[in-house]
Amino acid sequence: MVNKQYDVARYIGQSFIITLFHTNRLPITIHYPYEKSITSEHFRGRIHFEFDKCIACEVCVRVCPIDLPLVDWRFEKVIKRKQLLNYSIDFGVCIFCCNCVEYCPTNCLSMTEEYEFSTYDRHELNYNQISLSRLPISIMGDYTIQTIRNSPQSKIDEEKSWRY
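In this text, residue positions in the sequence shown follow the working numbering: the first is 351, and each later residue adds one.
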């Protein structure tokens, strides 16, 4: 009888100690639309495309398992090179395998941290070279960067830099 009471007290004490250790930890969950988790360095998000670097070699189309990138080009006889006309990727079909980024000889393709593609119409996920070349929202629309830019201290520093 005494051993049972001792075991019960020990189990209660152990559970109490475990509970005390967990009270000092930060919460694991995040409130998604307002807080976003930090992505890893090799995260495969939206593809960023640089139109000026592309030589229209179509390597990205050949290495893509689903032949996804659409590349339109014409041959310029004067300069004896291909001239890129249009480049588009349908992210509704893309499997984000990153083969196009790895095998691009001019590094005109890169992966970004942007992963929010929710839309009501599938056709809005078909990105052309203009929408592929824009910077990710994490850089352009980050409210923390805008807050730092609009802070009173940054305006004071800006005025000092104009004086000197």
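We treat Cβ as the ideally placed atom computed from N, Cα and C, and that holds for glycine.
Among Glu400, Phe393, Tyr477, Asn478, whose alpha-carbon lies nearest the alpha-carbon of Cys447? Phe393
Tell me whether Pro419 is buried or exposed, calling it buried when 16 or more other Cβ atoms sit within 10 Å of its Cβ. buried
Mark Leu370 as exposed unless 16 or more other C-beta atoms lie within 10 angstroms of its C-beta, in which case mark it buried. exposed
What distance in whole Å lies between the Cβ atoms of Val411 and Tyr453, which are believed to be in contact at a cut-off of 8 Å? Not quite, the Cβ-Cβ distance comes to about 10 Å (not below 8 Å), so this is no contact.
Over what stretch of residues does the beta strand (DSSP E) that includes Asn436 continue unbroken? 431-440
With three or more beta-carbon pairs closer than 8 Å as the criterion, would you say the region 370-388 touches the region 417-433? no
Would you check if the distance between the CB atom of Lys432 and the CB atom of Arg424 is smaller than 9 Å? yes
What is the DSSP secondary structure of Asp422, counted as helix, strand or coil? strand
CA nearest to the CA of Ile397, picked from Asn374, Glu463, Thr373: Glu463
Between the region 402-411 and the region 370-380, do three or more beta carbon pairs fall short of 8 Å? no
Identified DSSP bridge partners for Ile397: Met461
Starting from the C-beta of Tyr356, find all residues in its chain whose C-beta is less than 8 Å away, skip the five residues before and the five after it, and write them out in chain order. none
Name the DSSP bridge partner or partners of Asn476? Asp440
Skipping 5 residues on each side, what residues in its chain have a beta carbon closer than 8 Å to that of Ser483? His398, Phe399, Glu400, Phe401
Taking the C-alpha atoms as reference points, what is the distance between Pro332 and Val428? Nothing in the structure corresponds to residue 332, since the chain is present only between 351 and 514.
If you reduce the DSSP assignment to three classes, tell me which class Tyr361 lands in. helix
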